[in-house]
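Here the sequence shown is numbered in our numbering, starting from 2 and rising by one per residue. From the three backbone atoms N, C-alpha and C, an ideal C-beta is built for every residue, glycine too. Remember, predicted model here, so these are calculated numbers, not experimental data. Please read the structure below before turning to the comments.
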Amino acid sequence: RAHTLSVALTLGTAMFLVEPVLVYGVVGGSDYFGLVLLVVCTGLLFPYTARRMALVSAAIVAMYVAACALVWQSGAGEALLRGVFYVLAASAVAVVGARLAHRLREAEFFAQRELSRERDVAEQLLFSILPEPIVRQLERDQAAIAEGFDEATVMFADIVGFTPFSAKVPPRVLGDVLKDVF
Numbered sequence: 002r003a004h005t006l007s008v009a010l011t012l013g014t015a016m017f018l019v020e021p022v023l024v025y026g027v028v029g030g031s032d033y034f035g036l037v038l039l040v041v042c043t044g045l046l047f048p049y050t051a052r053r054m055a056l057v058s059a060a061i062v063a064m065y066v067a068a069c070a071l072v073w074q075s076g077a078g079e080a081l082l083r084g085v086f087y088v089l090a091a092s093a094v095a096v097v098g099a100r101l102a103h104r105l106r107e108a109e110f111f112a113q114r115e116l117s118r119e120r121d122v123a124e125q126l127l128f129s130i131l132p133e134p135i136v137r138q139l140e141r142d143q144a145a146i147a148e149g150f151d152e153a154t155v156m157f158a159d160i161v162g163f164t165p166f167s168a169k170v171p172p173r174v175l176g177d178v179l180k181d182v183f
């Protein structure tokens, strides 16, 4: 799975960045800025949930603290605290960023799904009004399909009391009345 591979790559890179601590000690090899950059880049590059980003960040912090504990020397407390602080701060930023990015991706997914539904509804509406060849031509050309008329008349009409009348008479009678009116 892609997530498993990205976690493995991130933790492998973290081990590589923690190695100088093991070789040169906490003060001499504590390059916590590389870990900060790794955490922030992981949060930006991979589509993690906040939970997964928190787990990856916790593993990186634990790896850093464990390496420092293995080669502890006196006077290294300040360097260790500074490193842990920066890596934890970067982790907090990455977790919040991952949460926000996850919400945005989720919102985009639902918006795309809703847009697809609306397109389907619009297409069905077109098919219910227009013949299929006309709809297909509109989809292809996006150009107006109309015939020209030199002269035309438009009439708007209202039949007083039509709604109550139409509720009382059978459809066939209503159709005959409308034919007579037109």
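The alpha helix (DSSP H) with R104 in it runs from where to where?
-> Within the sequence shown, residue 104 is the residue found at index 103, counting from 1. Per DSSP, R104 is one residue of the alpha helix (DSSP H) stretching across G78 to I130.
CA-CA distance, V19 and L116?
-> As a working note, residue 19 is residue 18 in the sequence shown. As a working note, residue 116 is residue 115 in the sequence shown. Spanning the two alpha carbons is a distance of roughly 47 Å.
Should L46 and G98 be called a contact, given that it needs their Cβ atoms to be closer than 8 Å?
-> The sequence position of residue 46 within the sequence shown is 45, counting from 1. The sequence position of residue 98 within the sequence shown is 97, counting from 1. Their beta carbons are not under 8 Å apart, which means L46 does not touch G98 by this criterion.
Using the beta-carbon count (16 or more within 10 Å), is V170 buried or exposed?
-> Along the sequence shown, one-based indexing puts residue 170 at 169. The residue in question, V170, is exposed, as its Cβ has fewer than 16 Cβ neighbours within 10 Å.
Hey, could you find the ends of the alpha helix (DSSP H) A181 is sitting in?
-> In the sequence shown, the residue the question calls residue 181 occupies position 180. The amino acid occupying residue 181 in the given sequence is Asp; Ala does not appear at that position. Its alpha helix (DSSP H) spans residues P172 to V182.
Mind the definition here: the stretch 46-62 touches the stretch 85-102 only if three or more C-beta pairs lie below 8 Å; say whether that holds.
-> Segments in contact, yes.
Quick one: residues in its chain with C-beta nearer than 7 Å to the C-beta of L36, no 5 flanking neighbours on either side, listed in chain order?
-> Within the sequence shown, numbered from 1, the residue matching residue 36 stands at position 35. The residues are A15, L18, I61, Y65 and V88.
Hey, T50 and H103: beta-carbon distance below 8 Å or not?
-> Start at 1 with the first residue of the sequence shown, and residue 50 comes out as number 49. Start at 1 with the first residue of the sequence shown, and residue 103 comes out as number 102. The answer is yes: Cβ separation under 8 Å.
Starting from the C-beta of D32, find all residues in its chain whose C-beta is less than 7 Å away, skip the five residues before and the five after it, and write them out in chain order.
-> On the sequence shown, position 31 is the one that residue 32 refers to. Cβ-Cβ distances below 7 Å link D32 to L18 and P21 in the same chain, with the five nearest sequence neighbours on each side left out; the list follows chain order.
Per DSSP, what kind of secondary structure is Y25 in: helix, strand or coil?
-> Sequence index remark: in the sequence shown, residue 25 carries index 24 (1-based). DSSP, read as helix, strand or coil, puts Y25 in helix.
For T5 versus L39, is the C-beta distance shorter than 8 Å?
-> Sequence index remark: in the sequence shown, residue 5 carries index 4 (1-based). Sequence index remark: in the sequence shown, residue 39 carries index 38 (1-based). It is not a contact, given that the beta carbons lie outside the stated cut-off.
DSSP state of V40, grouped into three classes?
-> Walking along the sequence shown from the start, residue 40 turns up at place 39. Of the three classes helix, strand and coil, the one that applies to V40 here is helix, per DSSP.
Nearest to P165 by CA position, among D121, P48, G84 and L175, is which residue?
-> If you number the sequence shown from 1, residue 165 lands on position 164. The shortest Cα separation from P165 among D121, P48, G84 and L175 belongs to L175.
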